[in-house]
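**Student:** One structure, pasted below without further comment.
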Amino acid sequence: MKRYASIDFMRGIAILLMLILHSIGDALDVDGLISQVDYLPMINIIALVVLPFLGGLAGLFLLVSSIANMISMQKQLMQGRSAGMLALRQVITGFIIYLFAMLTESTTGYWGGIGDIARRLDLPLTVNWIKVFTQWGTIEAIHTIALCIIVNGLVHGIISVKGLWKKPKIQMAIYAALAVIVLASTTFVWKGISNVYPGFPWGIVGDYYINSDGIIAGYTQYQPHLLNSRFIDIVKGWFFGLWAAPMEPLFPYLAVTFIGSIIGIAVVQPEKAIFKGFMKIMLMIAVGMFLIGAVGIIIMMIKIIPQNFDDAVGIYRLISFHRHWAPDYPQYGSYLTWWSWLWQFCSVTGWGLMATLAMLYIVEFRGKGKRFADKTKFVRRFGFTAFSNYNQQYIYTSMAFWVPQLFFGTGSVATWLNSKLGWWQSGLGAYDHTMWFGTFVQIGFTLLTYHVVMRLWEKANYRGSLEWFMGTIGYYIVPVKKPESLRAKKWYEKGDLAVEEAFYNAEWVNIVEETEEYHRKKRDSRIVLLFAIAAFCVPLFIPFTVGWLFVTIKSIKTEGKNKQNKTALILCSIGTVLTVLFSVALFIFTPDMLGFHLL
Numbered sequence: 083m084k085r086y087a088s089i090d091f092m093r094g095i096a097i098l099l100m101l102i103l104h105s106i107g108d109a110l111d112v113d114g115l116i117s118q119v120d121y122l123p124m125i126n127i128i129a130l131v132v133l134p135f136l137g138g139l140a141g142l143f144l145l146v147s148s149i150a151n152m153i154s155m156q157k158q159l160m161q162g163r164s165a166g167m168l169a170l171r172q173v174i175t176g177f178i179i180y181l182f183a184m185l186t187e188s189t190t191g192y193w194g195g196i197g198d199i200a201r202r203l204d205l206p207l208t209v210n211w212i213k214v215f216t217q218w219g220t221i222e223a224i225h226t227i228a229l230c231i232i233v234n235g236l237v238h239g240i241i242s243v244k245g246l247w248k249k250p251k252i253q254m255a256i257y258a259a260l261a262v263i264v265l266a267s268t269t270f271v272w273k274g275i276s277n278v279y280p281g282f283p284w285g286i287v288g289d290y291y292i293n294s295d296g297i298i299a300g301y302t303q304y305q306p307h308l309l310n311s312r313f314i315d316i317v318k319g320w321f322f323g324l325w326a327a328p329m330e331p332l333f334p335y336l337a338v339t340f341i342g343s344i345i346g347i348a349v350v351q352p353e354k355a356i357f358k359g360f361m362k363i364m365l366m367i368a369v370g371m372f373l374i375g376a377v378g379i380i381i382m383m384i385k386i387i388p389q390n391f392d393d394a395v396g397i398y399r400l401i402s403f404h405r406h407w408a409p410d411y412p413q414y415g416s417y418l419t420w421w422s423w424l425w426q427f428c429s430v431t432g433w434g435l436m437a438t439l440a441m442l443y444i445v446e447f448r449g450k451g452k453r454f455a456d457k458t459k460f461v462r463r464f465g466f467t468a469f470s471n472y473n474q475q476y477i478y479t480s481m482a483f484w485v486p487q488l489f490f491g492t493g494s495v496a497t498w499l500n501s502k503l504g505w506w507q508s509g510l511g512a513y514d515h516t517m518w519f520g521t522f523v524q525i526g527f528t529l530l531t532y533h534v535v536m537r538l539w540e541k542a543n544y545r546g547s548l549e550w551f552m553g554t555i556g557y558y559i560v561p562v563k564k565p566e567s568l569r570a571k572k573w574y575e576k577g578d579l580a581v582e583e584a585f586y587n588a589e590w591v592n593i594v595e596e597t598e599e600y601h602r603k604k605r606d607s608r609i610v611l612l613f614a615i616a617a618f619c620v621p622l623f624i625p626f627t628v629g630w631l632f633v634t635i636k637s638i639k640t641e642g643k644n645k646q647n648k649t650a651l652i653l654c655s656i657g658t659v660l661t662v663l664f665s666v667a668l669f670i671f672t673p674d675m676l677g678f679h680l681l
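Numbered per my numbering, the sequence shown finishes at 681, counting up by one with no gaps.
Structure representation (structure tokens):
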């Protein structure tokens, strides 16, 4: 089974980042840090800026999924599948995923009924039926992926009717145009829906009720109650929610999948079919998007901070809440314009695009597929059953119940450690927020639990996972010819994941093979120089030269010293020294020591 190691790795990174950042978001005492930020090392300020931004990279999962989806579609067409059958298969597959996404969000996932129980294990066991019957309306990354599989399948089916899939440049141009159209239309779509359905998505429908926190609340327009809301409100909430509801509506996130489709078309072609400089052009676009978005956000913050520092922090902390960056958002809308969402979108999408392109460049464009895959099993495993791992985040929410009590509670061990060390927290109860050390302990237990569960589960080919359920259902309803080997299996084996063929011993694809000719042309040397220069063009990327230094040294060993890798070595060495010095300073100096205060 052919696989792209970098795509599998980035999918794993997306899930791993999600788990780490969600754990930090729930466990870390952010308000406590902010209250004393002037007297804490500067690294805390950097963390409070970087972590919310990384939380906004949910679009990275969508981007990587769209690349993989396009590769799959192109391969099916190359194997002789008709455009109509391709589109039908995509629609059915996307619909199955969408149904499971709603089930996850409302019932089995970490914000659904089961996840809600894991968030209050210190209370009597009860099911929050309001969550079960309203949470389905949230448009998270999984929903958007499902919807985009449908939309992209229909689009690709249409443009492939007359064999256009054989003309990659035309395909890329079409998807590029569609991405621009989506971005240009987003504000008009959001405003138009609000005009048709006033107040959407923030308005309340139906009667008010008392929620689990004792607060008077109501059903939001995009989350109507399946039993209590009027049928027309359910239909409107569902339909308009696809296009304009939190968290990742189709507008503007269809543009992400169209960008991913462009990359997928490129990498699946023979090398000669990729127009010269494609990766460099895409990298420049990615850097441009990130810089435009970052500058826009910085200008916004500069304007808001003098008015209300707390609100500026509040807005920035919502950078992962994609639909909230618009002037119709009730809490902070007065600070925002209809350009604000574009800055947020460009910054997080540009960063995700840069990371994905860089990985393709580092791995498949250097012939390192198998070697890289063998070294990244831990990370790739998180992405192999990405949907199930997303669904099972009640693992991390349950950590917040027992870790603070066991390690930082009122017991003699925690009390003794606090008396001896000073910085060790004690006296905490279930779900109490921790400082950095306690948060990292929770993250460690979360990742360890996930790893053990996955290692055991893979021995049964992940039977019983969401991927298994969807595969089993798909076998019976997706109208494609089934291989004889699959037809011969028992019903409960048909959805098994091919762990051996797709994870351990896959046929790892390289776009450029690592040969003697490859090194004779000094391709590695050119690549290391390109990335070293790029890091210094955007100083924010200088810390990446630490890892790039080792790649540069390896290129010197394989290709000998030359002008390119010697220059790259100098740049990476300088970057590494600057990074180390800057890091040390961040851990030593506080704002108060430097003569300024944020509060």
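Quick reminder that beta carbons are idealized off the backbone N, C-alpha and C, glycines included.
Here the structure is a predicted model, which is why all the values come from computation and not from measurement.
Give the straight-line distance between the Cα atoms of Lys457 and Gly346, rounded to the nearest whole angstrom.
**Tutor:** Taking the sequence shown and counting its residues from 1, one reaches residue 457 at position 375. Taking the sequence shown and counting its residues from 1, one reaches residue 346 at position 264. Taking the straight line joining both Cα atoms gives about 24 Å.
**Student:** Using only CA atoms, which one of Cys230, Gly323, Ser567, Leu681 lies nearest to Val271?
**Tutor:** Translated into positions along the sequence shown, residue 271 becomes position 189. Of Cys230, Gly323, Ser567, Leu681, the residue nearest in Cα terms is Gly323.
**Student:** Alpha carbon to alpha carbon, how far is Lys636 from Gln474?
**Tutor:** The residue labelled residue 636 in the question sits at position 554 within the sequence shown. The residue labelled residue 474 in the question sits at position 392 within the sequence shown. Going from the Cα of Lys636 to the Cα of Gln474 covers about 40 Å.
**Student:** Please confirm whether Gly54 and Ile128 have their CB atoms less than 8 Å apart.
**Tutor:** One cannot answer for residue 54 here, as it falls past the ends of the chain, which runs 83 to 681.
**Student:** Please report the residue range of the alpha helix (DSSP H) in which Ile652 lies.
**Tutor:** Sequence index remark: in the sequence shown, residue 652 carries index 570 (1-based). Looking at the DSSP string, the run of the alpha helix (DSSP H) that includes Ile652 is 645-670.
**Student:** Need the endpoints of the alpha helix (DSSP H) that Gln172 sits in, please.
**Tutor:** Here residue 172 refers to the residue found at position 90 of the sequence shown. Gln172 -> alpha helix (DSSP H) spans 165-185.
**Student:** Does the beta-carbon of Ala542, which I'm using as the reference point, lie nearer than 7 Å to any heavy atom of the ligand FMN?
**Tutor:** In the structure shown, the ligand FMN is absent, as is every other ligand, since no ligand is present at all.
**Student:** Are Val349 and Glu446 close, meaning C-beta to C-beta below 8 Å?
**Tutor:** What you label residue 349 is simply residue 267 of the sequence shown in a count that begins at 1. What you label residue 446 is simply residue 364 of the sequence shown in a count that begins at 1. Closer than 8 Å, so yes.
**Student:** Tell me Met536's beta-bridge partners as DSSP assigns them.
**Tutor:** Start at 1 with the first residue of the sequence shown, and residue 536 comes out as number 454. The partner list for Met536 (beta bridge, DSSP) is empty, contrary to what the question assumes.
**Student:** To the nearest angstrom, report how far apart Ser276 and Phe427 are at their CA atoms.
**Tutor:** Translated into the one-based positions of the sequence shown, residue 276 becomes position 194. Translated into the one-based positions of the sequence shown, residue 427 becomes position 345. Looking at the two C-alpha atoms, the distance is approximately 21 Å.
**Student:** Leaving out five residues before and five after Gly288 in sequence, what residues of the same chain have Cβ atoms less than 8 Å from its Cβ?
**Tutor:** Mapped onto the sequence shown, residue 288 falls at position 206. These residues qualify, in order along the chain: Gly300, Tyr301, Pro306, His307, Asn310, Ser311, Arg312, Asp315.
**Student:** Sort out for me which residues DSSP pairs Arg45 with in a bridge.
**Tutor:** Lying outside 83 to 681, the shown extent of the chain, residue 45 is not represented and no answer is given.
**Student:** In angstroms with no decimal places, state the Cα-to-Cα distance between His659 and Thr339.
**Tutor:** Your numbering for residue 659 matches position 577 in the sequence shown. Your numbering for residue 339 matches position 257 in the sequence shown. It should be noted that the sequence gives Val, not His, for residue 659. Taking the straight line from one Cα to the other gives about 38 Å.
**Student:** Mapping DSSP to helix, strand and coil, what is Ala355?
**Tutor:** The count along the sequence shown starts at 1 and reaches residue 355 at position 273. Model confidence at Ala355 stands at a pLDDT of 47, short of 50, so the residue's coordinates are unreliable; what they give is reported in the following sentence. Three-state result, Ala355: helix.
**Student:** Give me the Cα-Cα distance between Gly553 and Trp218, rounded to the nearest whole angstrom.
**Tutor:** The residue labelled residue 553 in the question sits at position 471 within the sequence shown. The residue labelled residue 218 in the question sits at position 136 within the sequence shown. Answer to the nearest angstrom: the Cα atoms are 22 Å apart.
**Student:** Look at the alpha carbon of Pro388 and the alpha carbon of Phe519, and state the distance between them as a whole number of angstroms.
**Tutor:** On the sequence shown, residue 388 is found 306 positions in, with the first residue counted as 1. On the sequence shown, residue 519 is found 437 positions in, with the first residue counted as 1. One C-alpha to the other measures close to 33 Å.
**Student:** Consult DSSP for Glu330 and reduce its assignment to one of helix, strand or coil.
**Tutor:** If you number the sequence shown from 1, residue 330 lands on position 248. Looking at Glu330 - three-state DSSP - the assignment turns out to be coil, as it is neither helix nor strand.
**Student:** Once the 5 residues before and after Asp393 are set aside, which same chain residues still bring their CB inside 7 Å of it?
**Tutor:** Along the sequence shown, read from residue 1 onward, the residue named residue 393 stands at position 311. Within the same chain, Asp393 has close Cβ partners Ile386, Tyr414, Tyr417.
**Student:** For Thr634, which residues in the same chain have their Cβ closer than 8 Å to its Cβ, ignoring the five residues on either side in sequence?
**Tutor:** As a first step, residue 634 is located in the sequence shown; it is residue number 552 there, counting from the start. Excluding positions up to five away in sequence, the list reads Val610, Ala614, Asn647, Ala650, Leu651, Cys654.
**Student:** Measuring straight from C-alpha to C-alpha, what distance separates Leu246 and Ile240?
**Tutor:** Within the sequence shown, the letter at position 164 stands for residue 246. Within the sequence shown, the letter at position 158 stands for residue 240. Approximately 9 Å between the Cα atoms of the pair.
**Student:** Please state whether DSSP places Lys541 in a helix, a strand or coil.
**Tutor:** Translated into positions along the sequence shown, residue 541 becomes position 459. Correct three-state label for Lys541: helix.
**Student:** Once the 5 residues before and after Arg602 are set aside, which same chain residues still bring their CB inside 6 Å of it?
**Tutor:** Against the sequence shown, residue 602 aligns to sequence position 520. Closer than 6 Å at the Cβ level, and outside the excluded window around Arg602, lies no residue.
**Student:** Please classify Ser501: is it buried, with 16 or more other beta-carbons within 10 angstroms of its beta-carbon, or exposed?
**Tutor:** As a first step, residue 501 must be located in the sequence shown, where it is residue number 419. So Ser501 ends up on the exposed side.
**Student:** Do Met83 and Ala584 come within 8 Å of each other at the CB atom, strictly closer than that value?
**Tutor:** By 1-based counting over the sequence shown, the position of residue 584 is 502. By 1-based counting over the sequence shown, the position of residue 83 is 1. Closer than 8 Å, so yes.
**Student:** Grab me the residues of Ile106's own chain with a C-beta within less than 8 Å of its C-beta, minus the 5 sequence neighbours each way, in chain order.
**Tutor:** As a working note, residue 106 is residue 24 in the sequence shown. These residues qualify, in order along the chain: Leu133, Thr521, Ile525.
**Student:** Cutting at 7 Å between CB atoms, please list the residues of its own chain near Ala355, excluding the five before and the five after it.
**Tutor:** For the purposes of this step, residue 355 is identified with residue 273 of the sequence shown, where counting begins at 1. Bear in mind that a pLDDT of 47 at Ala355, under 50, signals an unreliable position, so the model cannot answer this.
**Student:** Select from Lys563, Leu681, Thr268, Gln156 the residue whose C-alpha is nearest the C-alpha of Val237.
**Tutor:** One-based indexing of the sequence shown puts residue 237 at position 155. Looking at the Cα atoms, Gln156 is the closest of the given residues.
**Student:** Quick check: the Cα distance between Ser480 and Tyr557, rounded to an integer number of angstroms?
**Tutor:** To locate residue 480, count along the sequence shown from 1; it is residue 398. To locate residue 557, count along the sequence shown from 1; it is residue 475. Computed Cα separation, rounded: 35 Å.
**Student:** Taking C-beta to C-beta, are Val209 and Gly195 nearer than 8 Å?
**Tutor:** Here residue 209 refers to the residue found at position 127 of the sequence shown. Here residue 195 refers to the residue found at position 113 of the sequence shown. Yes, Cβ-Cβ distance for Val209 and Gly195 is below 8 Å.
**Student:** Grab me the residues of Trp423's own chain with a C-beta within less than 6 Å of its C-beta, minus the 5 sequence neighbours each way, in chain order.
**Tutor:** As a first step, residue 423 must be located in the sequence shown, where it is residue number 341. Contacts found: Trp407, Ala408.
**Student:** On the three-state DSSP scale, how would you describe Val445?
**Tutor:** For the purposes of this step, residue 445 is taken as residue 363 along the sequence shown, with counting starting at 1. It is coil, neither helix nor strand.
**Student:** Tell me the residue span of the alpha helix (DSSP H) that contains Val237.
**Tutor:** Taking the first residue of the sequence shown as 1, we reach residue 237 at position 155. 223-241 is the span of the alpha helix (DSSP H), which, as asked, contains Val237.
**Student:** Identify every residue that forms a DSSP beta bridge with Val287.
**Tutor:** The sequence position of residue 287 within the sequence shown is 205, counting from 1. Answer is Tyr301.
**Student:** Which residue wins for smallest C-alpha separation from Met517, given the options Val119, Ala258, Thr438?
**Tutor:** Within the sequence shown, numbered from 1, the residue matching residue 517 stands at position 435. If we check each option's Cα against that of Met517, Val119 comes out closest.
**Student:** Rounding to the nearest angstrom, what Cα-Cα distance links Val377 and Val262 in this structure?
**Tutor:** Locating residue 377 in the sequence shown gives position 295, where the first residue counts as 1. Locating residue 262 in the sequence shown gives position 180, where the first residue counts as 1. About 20 Å.
**Student:** Nearest to Phe489 by CA position, among Thr186, Leu115, Asp514, is which residue?
**Tutor:** One-based indexing of the sequence shown puts residue 489 at position 407. For the residues Thr186, Leu115, Asp514, the minimum Cα distance to Phe489 belongs to Asp514.
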